[in-house]
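Comments concern the structure below.
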Amino acid sequence: DTGVSQNPRHKITKRGQNVTFRCDPISEHNRLYWYRQTLGQGPEFLTYFQNEAQLEKSRLLSDRFSAERPKGSFSTLEIQRTEQGDSAMYLCASSQYRGPNYGYTFGSGTRLTVV
Amino acid sequence: GNSVTQMEGPVTLSEEAFLTINCTYTATGYPSLFWYVQYPGEGLQLLLKATKADDKGSNKGFEATYRKETTSFHLEKGSVQVSDSAVYFCALPGGTSYGKLTFGQGTILTVHP
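So the sequence lines, in the order shown, correspond to chains A and B. Each residue of the first sequence is one higher than the one before, counting from 1 in the working numbering. Each residue of the second sequence is one higher than the one before, counting from 1001 in the working numbering.
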């Protein structure tokens, strides 16, 4: 088990471009989560999947953001028409859902810089 | 929804000093409580958790006790090391959904030799 893997680790893009991040969860985990973390703040929830179903989306997830988990394994997070305010660390986490008493395993994150 | 408040930081200590990082919460019911740690350049790692009132979570010399009366979950360590330098986050389930965790803003800990 190699843990939660995120790619790329760093992404620099020009404003207005589209970017896509990938997350590979721990293989037996059925839940996958996306969070955004800005400097000096805790992670903010964006969305989560149980298997391939997207069960909840935060109001933070504007129409420019879309996430998929097509086969219930890896997930992608796409940001269209990036803005400077999208610069942040995007964190993915996974868990084998057994109730609310269990924590997640996080990946190392993808740091996005919009210039 | 549920929320959590952490003490203002950063915290700077000398090696072997005693550490306390305060965390208080507002929640419906009695959710599990968590402390996560983020080392430089890495993702968050679960440090410890407590699932019910009066439970004490512990790991790597860190401890936190779930205090229902004071709605607190303060993190403590008796003797910190330089390697404990990191950002510490208090967290709890998001309330209306078991799918998400709500995090505090984080406390930066720096330990000097």
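Every residue, glycine too, gets a C-beta built ideally from N, C-alpha and C.
{"query": "Nearest to B/Gly1094 (by Cα), restricted to the options B/Ser1014, B/Thr1012, B/Thr1028", "result": "B/Thr1028"}
{"query": "Beta-carbon separation (whole angstroms), B/Thr1110 vs B/Ser1085, contact threshold 8 angstroms", "result": "5 angstroms"}
{"query": "Extent of the continuous beta strand (DSSP E) to which A/Ile79 belongs", "result": "75-79"}
{"query": "Candidates B/Tyr1088, B/Lys1056, B/Phe1062, B/Gln1045: closest to A/Phe106 by CA position", "result": "B/Gln1045"}
{"query": "A/Arg69 to B/Ser1014 span [Cα, whole Å]", "result": "46 angstroms"}
{"query": "Paired residues, beta bridge with B/Asn1022 - DSSP", "result": "BP columns for B/Asn1022 are empty, so no partner."}
{"query": "Near-chain B residues of the region 81-95 of chain A - C-beta to any C-beta below 7 angstroms", "result": "Leu91"}
{"query": "Boundaries (first-last residue) of the beta strand (DSSP E) holding B/Lys1049", "result": "1044-1050"}
{"query": "CB-CB length for A/Leu46 against A/Leu60, believed under 8 angstroms", "result": "6 angstroms"}
{"query": "Proximity below 8 angstroms, CB of A/Tyr33 to CB of A/Cys92", "result": "yes"}
{"query": "Minimum Cβ-Cβ distance from A/Pro43 to chain B less than 8 angstroms", "result": "yes"}
{"query": "Straight-line gap, A/Thr110 to A/Gln37 (C-alpha atoms, nearest Å)", "result": "10 angstroms"}
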